[in-house]
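For reference, the structure is listed below as structure tokens.
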Amino acid sequence: MTNQPFDDSQLNGVFSEGIRCDGAVQCVFSTSETIKVGTGTTTRKHVTKIYWYIEEIEPREFQAYQINESHVPSGDGKLLTFTDLMRDYVPELEFFEDKVLPAMDELSTHLKEGETYQAEGKLYSAQDCFNRARAIDEQNVRALFNLGLIYMELHDLDKARDMVRELLNIKSAFDGKNQHLFNEFGIALRKCGLLDEAVSYYSQALEYTTEDENLFYNLARVHFERSDWHKCTDALDNVFRLNPDLKVARQMVQYIHALIDTPSMCERNSKQCVPPDVAHRINDLYVEQTQPKQPATPIVFDLEEQDKPQFGRARSGWNLSEDLEK
Numbered sequence: 549m550t551n552q553p554f555d556d557s558q559l560n561g562v563f564s565e566g567i568r569c570d571g572a573v574q575c576v577f578s579t580s581e582t583i584k585v586g587t588g589t590t591t592r593k594h595v596t597k598i599y600w601y602i603e604e605i606e607p608r609e610f611q612a613y614q615i616n617e618s619h620v621p622s623g624d625g626k627l628l629t630f631t632d633l634m635r636d637y638v639p640e641l642e643f644f645e646d647k648v649l650p651a652m653d654e655l656s657t658h659l660k661e662g663e664t665y666q667a668e669g670k671l672y673s674a675q676d677c678f679n680r681a682r683a684i685d686e687q688n689v690r691a692l693f694n695l696g697l698i699y700m701e702l703h704d705l706d707k708a709r710d711m712v713r714e715l716l717n718i719k720s721a722f723d724g725k726n727q728h729l730f731n732e733f734g735i736a737l738r739k740c741g742l743l744d745e746a747v748s749y750y751s752q753a754l755e756y757t758t759e760d761e762n763l764f765y766n767l768a769r770v771h772f773e774r775s776d777w778h779k780c781t782d783a784l785d786n787v788f789r790l791n792p793d794l795k796v797a798r799q800m801v802q803y804i805h806a807l808i809d810t811p812s813m814c815e816r817n818s819k820q821c822v823p824p825d826v827a828h829r830i831n832d833l834y835v836e837q838t839q840p841k842q843p844a845t846p847i848v849f850d851l852e853e854q855d856k857p858q859f860g861r862a863r864s865g866w867n868l869s870e871d872l873e874k
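Numbering (the working numbering), first residue to last: 549 to 874.
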């Protein structure tokens, strides 16, 4: 929910400046719903007014979020056309200025304070701020992401799982608007050993885009940790379908290739042995994707190395700048 950079001049005669921000519609509107109460001769009609926060996301295209009891937009939005807006929605400028804007400001304050405390390592103070934010907007994605990160840092994995379950039920958690948090959260799930939750998390994101090699790589990385070689290879196939030159994916193929027929290396790195059918697929990937791109000095794997492999970094979707840790 941000100010839009365009100015739809055709709306100058339709909506006043109070309903628009930087030229784009951004205000509260209402719809009316009539319901019948009672039966027979006691039947009467009751009109219910529903408030919506509406912002113009493209010229003549709008996103509507229902206003909750705390007077803030909440939940997943719905798309509206200009015709929908003009036909069914009534501007509520006074309600917007008197009720919604102050509530949105309060919510924003709690979120910013929480993120400041979190950056300073004051996790319990941050937790309190994010819980106050959720008291205003229970489905607030920023609060849920940050609370999940705090719970994982505090090793309270049951509460972290609760945050994952709530996020999986909110479409806007996966729309790319919270890119940094999305990436950091997925990494934290894997590092905390919440691998089932990480698989669900990345799989949910892939329901919204099947053309992001970074998401497929991160899913492959989780399956690698689980030694689920079939699904790991499936995800790698998709990575190379989209980007044959993704370095970290090639490095992963190299490492899995080194595990083939090397049970001692598998044991030292707590990995299950690579089954023959997967070994065949990995060999094919190794030939197709890795060998032609080998540097003059070949990569040498130290089979006595006790540490787990380090694949470098990869972004996790929507052109994120925050990368996977080494």
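Idealized CB from N, CA, C, for every residue including glycine. Values in this document were obtained by computation on a predicted structure and should not be read as measured data.
Considering only the beta carbon of each residue, do residue i and residue j sit closer than 9 angstroms?
i    : j    : result
A797 : Y765 : yes
N726 : V770 : no
Y613 : G625 : yes
C780 : I804 : yes
A691 : N679 : yes
A753 : F788 : no
T629 : E609 : yes
A674 : T664 : yes
N694 : L743 : no
G623 : Q574 : no
C740 : A708 : yes
Less than 6 angstroms between C-beta atoms, sequence neighbours within five positions excluded: which residues of the same chain meet that for residue i?
i    : result
V576 : Y599, Y601, E640, F643, F644 and V648
S775 : K819 and Q820
L767 : Y750 and A783
S578 : K597, Y599, V638 and E640
L833 : V801
V585 : R592 and H594
E852 : For E852, the predicted model reports a pLDDT of 44, less than 50, meaning its position is unreliable; a value from the coordinates is still stated below. Nothing meets the Cβ criterion.
Among residues of its own chain, excluding the 5 on either side of residue i, which ones have a beta-carbon nearer than 8 angstroms to its beta-carbon?
i    : result
L790 : E759, D760, E761 and F764
T582 : K593, H594, V595 and T596
G734 : A746, Y749, Y750, N766 and S864
G588 : none
To the nearest whole angstrom, what separates the beta carbons of residue i and residue j, a pair I think is in contact under 8 angstroms?
i    : j    : result
R829 : E773 : Their Cβ separation, rounded to whole angstroms, is 19 angstroms, which puts R829 and E773 out of contact at 8 angstroms.
L616 : D685 : Position check: residue 616 holds Asn in this sequence, whereas Leu was assumed. At roughly 7 angstroms, the Cβ-Cβ gap stays under 8 angstroms, so N616 and D685 are in contact.
A681 : G662 : 7 angstroms
V826 : H778 : 6 angstroms
L671 : L702 : 6 angstroms
L633 : Q611 : With a Cβ gap of about 11 angstroms, L633 and Q611 do not count as contacting.
Tell me whether residue i sits in a helix, a strand or coil according to DSSP, three-state version.
i    : result
L628 : strand
V595 : strand
K719 : helix
Y601 : strand
I567 : helix
S812 : helix
V620 : coil
V822 : coil
T757 : coil
S578 : strand
D555 : Summary for D555: the model assigns pLDDT 45, below 50, so the residue's position carries little reliability; its value from the coordinates is reported in the next sentence. Of the three classes helix, strand and coil, the one that applies to D555 here is coil, per DSSP.
Q687 : coil
Y613 : strand
P650 : helix
K874 : Bear in mind that the predicted position of K874 carries a pLDDT of just 33, short of 50, making it too unreliable to give a figure here.
K660 : helix
K584 : strand
E645 : helix
L851 : Any reading at L851 must be qualified, since the residue scores a pLDDT of 42, below 50, and its modelled position is unreliable; no value is offered.
E606 : strand
Within the same chain, show all residues whose beta-carbon is closer than 7 angstroms to that of residue i, passing over the 5 residues directly before and after it, in chain order.
i    : result
A736 : L697 and M700
K719 : D624
C814 : L807, Q820 and C821
E654 : I684
P811 : C821
With a cut-off of 9 angstroms, does the C-beta of residue i fall near any C-beta of chain D?
i    : result
Q802 : Of the protein chains in this structure there is only one, and it is not chain D.
Discussion item. Contact between the segment 701 to 716 and the segment 735 to 748 is defined here as three or more beta-carbon pairs at a separation below 8 angstroms; is this criterion met?
Written reply: The segment 701 to 716 makes contact with the segment 735 to 748: 3 or more CB pairs, one atom from each, lie closer than 8 angstroms.
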